[in-house]
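In the numbering used here, the protein residues as written are 34 to 137.
Right under this line is the structure:
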């Protein structure tokens, strides 16, 4: 399961500024950083993350920045808590069992 989550996060980070939301317009790098942070940690990125991103002008180095940032976000307790919540909701492991009378 951990490998799947890592693969998803790295894939999201590797797409860089080519990420395309549902309305079809590519995200700019600032919006992508915000989406990456909200998805992985549940909070917006810090000002230092924006400053570090804006200091990089080379597109290849920005891809490396996004990949490293995704790995850094995934090493936080916020990521762990968020994934536990999302997976428990997805697999309904924390949900109580349905009453027996529903099945009769």
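Glycine residues also receive a C-beta, built at the ideal position from the N, C-alpha and C atoms.
- Counting along the chain, residue 72 sits inside the alpha helix (DSSP H) bounded by residues 62–73.
- Across the set 66, 124 and 110, the C-alpha of 66 shows the shortest separation from the C-alpha of residue 100.
- A straight-line Cα-Cα distance of about 17 Å links residue 60 and residue 90.
- For residue 103 against residue 69, the beta-carbon gap comes to about 6 Å, under 8 Å, which counts as contact.
- Per DSSP, residue 108 lies in no alpha helix (DSSP H) and is assigned neither H nor E.
- Assigned with DSSP and collapsed to three states, residue 121 falls in helix.
- Residue 123 sits exposed, since fewer than 16 C-beta atoms from the chains shown fall within 10 Å of its C-beta.
- The beta carbon of residue 112 lies closer than 8 Å to those of 73, 74 and 106 in the same chain, with the five residues before and after it left out.
- Residue environment analysis places residue 98 among the buried positions, since at least 16 neighbouring C-beta atoms fall within 10 angstroms of its C-beta.
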